[in-house]
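Working notes, beginning with the structure itself.
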Amino acid sequence: MSDDRTSSRLVGLRDYPKLAEQDQTVVWHPYTQMQEYAETEPIIIDRGEGPYLYDVRRRRFLDAYGSMWCNVWGHNHPELVKAIQQQAGQLCHASLFSVSHVPAIDFANMLVDAIKQDFRFADEAPSLSHVFYSDNGSTAVEVAMKMALQYQNQIGKISRTQFLTFHSGYHGDTFGAMSASNIDVFTQKFSPSLFKCHRATYPMQVDPDEHESTRHHEMQLEALIAGRNDKIAAVVIEPVVQGASGMRPLAEDYLGKIKKYCREYDILLITDEVFAGFCRTGPLIASSAELVEPDIICLGKGITGGTMPMGVTVANDRVFDAFKGVWKDFRQFLHGHTYSGNPLACAVAIRNLEMIYEEKLKENVKSRSRELNYALKRVIGSHPRVGQIRVRGLAVGIPLLDESGSEDGGYESRADANKVCLHAVEKSRVLLRPLGNVITIVPPLNIESEQIEEIVNAIAKALEVLDTPGE
Ligand SMILES: *Cc1c(COP(=O)(O)O)cnc(C)c1O
Numbered sequence: 327m328s329d330d331r332t333s334s335r336l337v338g339l340r341d342y343p344k345l346a347e348q349d350q351t352v353v354w355h356p357y358t359q360m361q362e363y364a365e366t367e368p369i370i371i372d373r374g375e376g377p378y379l380y381d382v383r384r385r386r387f388l389d390a391y392g393s394m395w396c397n398v399w400g401h402n403h404p405e406l407v408k409a410i411q412q413q414a415g416q417l418c419h420a421s422l423f424s425v426s427h428v429p430a431i432d433f434a435n436m437l438v439d440a441i442k443q444d445f446r447f448a449d450e451a452p453s454l455s456h457v458f459y460s461d462n463g464s465t466a467v468e469v470a471m472k473m474a475l476q477y478q479n480q481i482g483k484i485s486r487t488q489f490l491t492f493h494s495g496y497h498g499d500t501f502g503a504m505s506a507s508n509i510d511v512f513t514q515k516f517s518p519s520l521f522k523c524h525r526a527t528y529p530m531q532v533d534p535d536e537h538e539s540t541r542h543h544e545m546q547l548e549a550l551i552a553g554r555n556d557k558i559a560a561v562v563i564e565p566v567v568q569g570a571s572g573m574r575p576l577a578e579d580y581l582g583k584i585k586k587y588c589r590e591y592d593i594l595l596i597t598d599e600v601f602a603g604f605c606r607t608g609p610l611i612a613s614s615a616e617l618v619e620p621d622i623i624c625l626g627k628g629i630t631g632g633t634m635p636m637g638v639t640v641a642n643d644r645v646f647d648a649f650k651g652v653w654k655d656f657r658q659f660l661h662g663h664t665y666s667g668n669p670l671a672c673a674v675a676i677r678n679l680e681m682i683y684e685e686k687l688k689e690n691v692k693s694r695s696r697e698l699n700y701a702l703k704r705v706i707g708s709h710p711r712v713g714q715i716r717v718r719g720l721a722v723g724i725p726l727l728d729e730s731g732s733e734d735g736g737y738e739s740r741a742d743a744n745k746v747c748l749h750a751v752e753k754s755r756v757l758l759r760p761l762g763n764v765i766t767i768v769p770p771l772n773i774e775s776e777q778i779e780e781i782v783n784a785i786a787k788a789l790e791v792l793d794t795p796g797e
């Protein structure tokens with residue numbers, strides 16, 4: 327394998343210090359303090375292969391954060407590259423506003439079949455069979471929320487204009503998604519411009535075997551709904567695990583309880599599976615793990631295997647039917663993006679979905695998850711600064727404790743987790759990111775045991791930078 331083939335091309339033409347300076351001054355990076363970034367030596371990626379990314383300085387990094395949680399097959403999997411290349415030779419873009427194209431039709435149908443497959447043990451076959459395309463996770467959520475509002479309006483429930491969401495939720499960075507979110511440090515500077523949402527508690531269950539009663543959460547939820555069911559259009563929730571607030575697993579069975587109240591009070595259930603879906607936590611459709619059928623599902627991140635931007639919002643018959651009419655009724659869904667259903671994204675999404683079954687991806691997620699859970703507990707579980715490790719599929723949160731042994735939930739208090747992640751990046755070349763004071767691991771879903779070991783060892787070594795009580 328010629329590691330320096332492309333690198334030498336780039337570095338031969340462009341020297342690193344110049345590239346770094348141009349990056350630090352012209353490219354404005356997301357969620358990044360650019361003043362501090364200007365003082366670092368940025369990692370400038372040149373190419374990717376399998377779970378590894380190679381930078382222009384010819385260093386190899388293990389992508390343990392899955393390029394912001396979307397990577398499924400490692401980088402540049404030949405099958406996915408081929409799907410994009412073939413499609414590019416035929417049609418790069420045509421807009422679903424006026425015409426249609428084969429990749430959009432094929433992927434929508436495959437997805438609907440896959441959803442049926444995931445819900446095959448449910449009492450009724452799901453009617454989630456209407457696929458609305460957009461181009462990222464935030465828009466998938468935005469679309470779902472607008473669908474819910476327009477749905478309520480068009481069935482005559484015009485007072486139902488509000489949403490019930492959850493503490494510490496994250497749904498994206500556009501205004502509707504920000505309003506539904508509840509991580510204050512992300513949104514407080516915009517709060518005067520956000521609309522208010524009702525917030526229920528999100529009962530966390532770290533150990534899948536320990537069953538604590540969620541009765542008081544349920545009572546709070548019902549009280550929130552019962553008083554206001556003529557006002558609430560939909561419930562919006564991250565099923566299985568809240569990602570951005572630090573990998574917080576939802577208590578088992580709780581999604582079913584939420585669904586029960588939604589049904590009782592005739593409120594739509596929207597599951598934001600942008601992170602939890604597409605096998606990140608096991609099944610393709612995360613809510614199918616509990617056989618809870620939402621009215622609307624939001625998908626993104628892994629949907630194209632981590633190659634192209636795409637968001638999808640899937641609605642059931644009940645929602646879809648409320649938009650039927652003739653033009654002058656003006657009941658058509660009032661939303662669309664220029665690149666909605668981009669053929670390149672659809673083509674690679676098709677190949678990704680095929681490979682999920684061909685390669686038995688769900689089984690790999692299950693085995694590697696068990697392995698990672700076991701290895702982390704064995705190697706770092708008793709470290710005095712490590713709290714209770716949370717694992718759902720290949721989404722892992724390792725909360726760090728402060729020196730008095732308590733878990734500080736504050737997002738600002740990331741100093742220690744940041745120190746550990748930086749050490750892992752610099753010394754072990756394992757790319758990790760902190761969320762607040764939680765170290766997260768979100769690797770490609772086809773990861774192998776060898777890389778699991780590499781990640782665990784890097785974290786174990788990096789933890790040595792922390793002061794431990796009694797030292
Ligand atoms: C990442 C994420 C989003 C936003 O997706 P983008 O593609 O980053 O806009 C929405 N919801 C959840 C649960 C996410 O994890």
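Residue numbering for the sequence shown follows my numbering, beginning at 327 and increasing consecutively.
Glycine included, each C-beta is placed from N, C-alpha and C at the ideal position.
Taking the C-alpha atoms as reference points, what is the distance between P795 and L726?
To locate residue 795, count along the sequence shown from 1; it is residue 469. To locate residue 726, count along the sequence shown from 1; it is residue 400. If I take the Cα positions, the gap works out to 13 Å.
Cutting at 6 Å between CB atoms, please list the residues of its own chain near L679, excluding the five before and the five after it.
Numbered from its first residue, the sequence shown carries residue 679 at position 353. Within the same chain, L679 has close Cβ partners M436.
Could you give the distance in angstroms between the alpha-carbon of F521 and the alpha-carbon of G626?
The sequence position of residue 521 within the sequence shown is 195, counting from 1. The sequence position of residue 626 within the sequence shown is 300, counting from 1. If I take the Cα positions, the gap works out to 24 Å.
Quick one: is W354 buried, meaning 16 or more other Cβ sit within 10 Å of its Cβ, or exposed?
Translated into the one-based positions of the sequence shown, residue 354 becomes position 28. So W354 counts as exposed.
Indicate whether Q531 and P565 have their beta-carbon atoms separated by less than 8 Å.
Residue mapping note: residue 531 aligns to position 205 of the sequence shown, counting from 1. Residue mapping note: residue 565 aligns to position 239 of the sequence shown, counting from 1. Pairing Q531 with P565 gives a Cβ-Cβ distance that is not under 8 Å.
Rounding to the nearest angstrom, what Cα-Cα distance links G569 and H663 in this structure?
Counted from its first residue, the sequence shown places residue 569 at position 243. Counted from its first residue, the sequence shown places residue 663 at position 337. Rounded to whole angstroms, G569 to H663 spans 26 Å at the Cα level.
Which class does L792 belong to by DSSP, given the choice of helix, strand or coil?
One-based indexing of the sequence shown puts residue 792 at position 466. Looking at L792 - three-state DSSP - the assignment turns out to be coil, as it is neither helix nor strand.
Can you tell me whether T630 is helix, strand or coil according to DSSP?
As a first step, residue 630 is located in the sequence shown; it is residue number 304 there, counting from the start. DSSP places T630 in the helix class (H, G or I) of the three-state scheme.
Can you check whether the C-beta of R525 is within less than 8 Å of a C-beta belonging to chain C?
Included in the structure is just one protein chain, with no chain C present.
For Q480, which residues of its own chain have a beta-carbon under 8 Å away from its beta-carbon, when the five flanking residues on both sides are left out?
By 1-based counting over the sequence shown, the position of residue 480 is 154. Within the same chain, Q480 has close Cβ partners A648, F649 and R657.
I'd like to confirm the pairing. Which residues does DSSP put opposite P575 in its beta bridges?
On the sequence shown, position 249 is the one that residue 575 refers to. Paired residues: V567.
Any idea if K585 is buried or exposed, counting beta-carbon neighbours within 10 angstroms, 16 or more meaning buried?
Walking along the sequence shown from the start, residue 585 turns up at place 259. So K585 ends up on the buried side.
Check for me: the beta strand (DSSP E) holding R386 runs from which residue to which?
Taking the first residue of the sequence shown as 1, we reach residue 386 at position 60. Note, R386: beta strand (DSSP E), R386 to D389.
Below 8 Å between beta carbons: does that hold for G631 and H403?
On the sequence shown, residue 631 is found 305 positions in, with the first residue counted as 1. On the sequence shown, residue 403 is found 77 positions in, with the first residue counted as 1. Yes; because the gap between Cβ atoms is below 8 Å, this pair is in contact.
For D598, is the classification buried or exposed, using 16 other Cβ atoms within 10 angstroms of its Cβ as the cut-off for buried?
Here residue 598 refers to the residue found at position 272 when the sequence shown is read from its first residue. That one is buried.
For ligand 1, I want to know if A671 counts as a neighbour, meaning its beta carbon is within less than 7 Å of at least one of the ligand's heavy atoms.
Residue numbering aside, residue 671 sits at position 345 when the sequence shown is read from its first letter. No, the beta carbon of A671 sits no closer than 7 Å to any heavy atom of ligand 1.
Short of 8 Å in beta carbon distance, which residues of its chain neighbour A364, apart from the five on each side in sequence? Order them along the chain.
Locating residue 364 in the sequence shown gives position 38, counting from the first residue. Cβ neighbours of A364 beyond the five flanking positions: Q350 and T351.
Below 7 Å, is the gap between the Cβ of S464 and the nearest heavy atom of ligand 1?
Counting from 1 along the sequence shown, the entry for residue 464 is found at position 138. Correct: S464 has its Cβ closer than 7 Å to ligand 1.
For K442 and P429, which I take to be in contact (beta-carbon distance under 8 Å), what is that distance rounded to the nearest angstrom?
Position 116 of the sequence shown, counting from 1, holds the residue named residue 442. Position 103 of the sequence shown, counting from 1, holds the residue named residue 429. With 8 Å as the limit, K442 and P429 do not qualify as a contact, their Cβ atoms being about 20 Å apart.
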